[in-house]
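Q: Residues 1 to 389 (the UniProt record's numbering) make up the sequence shown, in order.
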Amino acid sequence: MHAATTAAHIGLDWDTRTGAVTVPIYQTATFRHPGLGQSTGYDYSRSGNPTRQALEEGIARLDGGTAGFAYASGMAAIAALLLLFSQGDHLIVTEDLYGGTYRLFEQILPQYGLEFSYVDTSDPAAVRAALRPTTRGLFVESLTNPLLKVADIAALAGLCREQRLLCIVDNTFLTPYLLRPLALGADIAVYSGTKYLAGHNDTVCGLAVVRDPALAERLKFHQNAVGAVLGPQDCWLTIRGLKTLSVRLDRQQENALAIARWLARHPQVERVYYPGLADHPGHELLRRQARGFGAMIAFTVREPALVEQLLLKTRLISFAESLGGVESLITFPEVQTHADLEPATRRRLGIDDRLLRLSVGIEAVDDLLDDLAQAFGDAPTTQHKETQP
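1. Go to tyrosine 102, then tell me how far its beta strand (DSSP E) extends in each direction, as first and last residue.
2. State the DSSP-derived secondary structure class of isoleucine 317, mapped to helix, strand or coil.
3. Do you know offhand how far threonine 232's Cα is from aspartate 353's?
4. CA-CA distance, cysteine 167 and alanine 208?
5. The alpha helix (DSSP H) spanning cysteine 160 covers which residue range?
6. For the stretch 294–313 against the stretch 264–277, do three or more pairs of beta-carbon atoms, one drawn from each stretch, fall closer than 8 angstroms, so that the two count as touching?
7. Pick helix, strand or coil for residue 440, following the three-state DSSP scheme.
8. Based on the DSSP secondary-structure assignment, which residues constitute the bridge partners of residue 392?
9. Buried or exposed for glutamine 252, going by 16 or more other Cβ atoms inside 10 Å?
10. Specify the secondary structure class of proline 389 as computed by DSSP and reduced to three states.
11. Which runs of the beta strand (DSSP E) at least 3 residues long sit entirely within the stretch 328–372? Give them in chain order.
12. If you draw a straight line from the alpha carbon of glycine 325 to that of proline 34, how long is it in whole angstroms?
13. Given that a residue counts as buried once 16 or more other Cβ atoms are within 10 Å of its Cβ, and exposed if not, what is glutamate 162?
14. Using 10 angstroms around the beta-carbon of asparagine 224, count the other beta-carbons present and answer buried if the total reaches 16, otherwise exposed.
15. Just to check my reading of the structure: alanine 70 and arginine 52 have Cβ atoms closer than 8 angstroms, yes? What is that Cβ distance to the nearest angstrom?
16. Keeping to the same chain, check which residues put their C-beta closer than 6 angstroms to that of proline 389; ignore five residues upstream and five downstream.
17. Counting beta carbon pairs with one atom in the stretch 175–189 and one in the stretch 198–216, are three or more of them shorter than 8 angstroms?
18. I'd like to confirm the pairing. Which residues does DSSP put opposite arginine 271 in its beta bridges?
19. What does a CB cutoff of less than 7 angstroms around glycine 58 pick up in its chain, not counting 5 residues either side in sequence?
20. Compare the C-alpha of serine 142 against each of Glu95, Tyr42, Ile351 and Gln111 and name the closest.
21. With a Cβ-Cβ cutoff of 8 angstroms, do lysine 149 and glycine 282 count as a contact?
22. For the alpha helix (DSSP H) holding histidine 283, just list the boundary residues, first then last.
23. Tryptophan 236: which of Glu334, Asn49 and Phe319 sits nearest, CA to CA?
Okay, here's the thing in structure tokens:
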């Protein structure tokens, strides 16, 4: 089936007893046993819950994996994946990755003996050059946060197979609707499900999908042992969000391309980072390996003072962290999402005092353009508005 159909049908046939079209919320901590030494298949909700199982099976189907796993947050999911490694192991990591992931890798995991090297993962040669005898894994963002560099997942997965490395792809920005890392050879796809998958800025969750059954069994053991699982209410909210993933992303991408083109022409904008623009360095690669370019935009303004002006004067676009919801959001990575990076690293990467990140929502694009125009101090971009009765 098409991804849109798979997503819309998650949980549809789950409740065969009543025929409920929506999977019920099994808001229970424990389950009654039918007899001594017998189980219904559910014992304790940390180990398994029907609502969570519906979500986990659904995301596995959507991403073409063997098994899916739902966690209390995207960071909980990433932390769980790093438990697959041992003291002394070395991982190669995307250099301009999400600041929360960087914080985990730099400030917490080194005390347990893990080592990390940060490279430009849009350059497979740079990844190969970073290999060490102790390298055991690659952690790559399919689209980097916030500069939107494009990784060649197929080439990197091939390198990992050659070197017997675990290939983990954070595919939060593209989702399995636009790109399926496992189909390109990756071992694990991981998501902040808070973002596009849940899609409504009303729940926090993390999801991981595994290709190999033996690896899935290891991750299942870790998930139960550590216990950072997603509760049934949030599982239901994520399922609800996934059902409209395709229509939301189609609209968000359409809006994002129009806004990126508008920003690229604006005299107060120095540079626009959006892979849907033909002059983006990763445009052709992403066009080949994905079915879309996503709805995230980063852009640099010509003067630092414009940053505060845009953050405080936008009316429809909220000044808030996170991304991927139906509402458009704007953030300032230097002091928000990427504050934990060393200042010198931020400057080298281009995450500076003039860079803004825009998560484009599903609003009418004319309204979003007018909002940006008035925040810049421009005249309205549109002359004709749809009027409400």
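From the three backbone atoms N, C-alpha and C, an ideal C-beta is built for every residue, glycine too. Quantities reported herein were computed from a predicted structural model and do not represent experimental measurements.
A: Based on what the coordinates show:
1. As a first step, residue 102 must be located in the sequence shown, where it is residue number 102. Where tyrosine 102 is concerned, there is no enclosing beta strand (DSSP E), although the alpha helix (DSSP H) it sits in stretches over 99–103.
2. Taking the sequence shown and counting its residues from 1, one reaches residue 317 at position 317. In the structure shown, isoleucine 317 adopts coil according to DSSP, grouped into three states.
3. Against the sequence shown, residue 232 aligns to sequence position 232. Against the sequence shown, residue 353 aligns to sequence position 353. In the sequence under discussion, the amino acid at residue 232 is proline, which differs from the threonine named in the question. Each residue's alpha carbon lies about 41 angstroms from the other.
4. On the sequence shown, residue 167 is found 167 positions in, with the first residue counted as 1. On the sequence shown, residue 208 is found 208 positions in, with the first residue counted as 1. Distance between the alpha carbons of cysteine 167 and alanine 208 is about 13 angstroms.
5. Residue 160 sits at position 160 when you count from the first residue of the sequence shown. 153–163 is the extent of the alpha helix (DSSP H) around cysteine 160.
6. They touch, by the three-pair rule.
7. Nothing can be reported for residue 440, as the shown portion of the chain is limited to 1 through 389.
8. Residue coverage of the chain in this structure runs from 1 to 389, which leaves residue 392 outside it and unanswerable.
9. Translated into positions along the sequence shown, residue 252 becomes position 252. Looking at its Cβ environment, which holds 16 or more other Cβ atoms inside 10 Å, glutamine 252 is buried.
10. Walking along the sequence shown from the start, residue 389 turns up at place 389. For proline 389, the predicted structure reports a pLDDT of 40, less than 50, and the residue's modelled location is therefore unreliable. A value from the coordinates is still provided. Here proline 389 sits in coil by DSSP.
11. Runs found: 329–331 and 355–359.
12. One-based indexing of the sequence shown puts residue 325 at position 325. One-based indexing of the sequence shown puts residue 34 at position 34. Going by the C-alpha atoms only, they are around 43 angstroms apart.
13. On the sequence shown, position 162 is the one that residue 162 refers to. Under a 10 Å Cβ-count criterion, glutamate 162 is classified as exposed, with fewer than 16 other Cβ atoms of the shown protein chains found around its own Cβ.
14. Counted from its first residue, the sequence shown places residue 224 at position 224. Counting Cβ neighbours within 10 Å, asparagine 224 comes out exposed, since fewer than 16 surround it.
15. Here the question's residue 70 lines up with position 70 in the sequence shown. Here the question's residue 52 lines up with position 52 in the sequence shown. Indeed they touch by this definition, with Cβ atoms about 5 angstroms apart.
16. Here residue 389 refers to the residue found at position 389 when the sequence shown is read from its first residue. Since pLDDT at proline 389 reaches only 40, below the 50 mark, its modelled position is unreliable, and the value read off the structure follows with that caveat. Cβ within range, chain order: n/a, list empty.
17. Remark: three or more beta-carbon pairs, one from each stretch, lie closer than 8 angstroms, so the stretch 198–216 and the stretch 175–189 are flagged as touching.
18. In the sequence shown, the residue the question calls residue 271 occupies position 271. Partner(s): Thr300.
19. For the purposes of this step, residue 58 is identified with residue 58 of the sequence shown, where counting begins at 1. So the qualifying residues of the chain are Ile10, Gly11, Ile239 and Leu242.
20. Reading the sequence shown from its first residue, position 142 is the one you call residue 142. The option with the nearest alpha carbon to serine 142 is Glu95.
21. Counting from one through the sequence shown, the residue named residue 149 turns up at place 149. Counting from one through the sequence shown, the residue named residue 282 turns up at place 282. In contact: lysine 149 and glycine 282 (Cβ atoms closer than 8 angstroms).
22. Counted from its first residue, the sequence shown places residue 283 at position 283. For histidine 283, the enclosing alpha helix (DSSP H) has its first and last residue at 283–289.
23. Numbered from its first residue, the sequence shown carries residue 236 at position 236. Of the residues Glu334, Asn49 and Phe319, the one whose Cα lies closest to the Cα of tryptophan 236 is Asn49.
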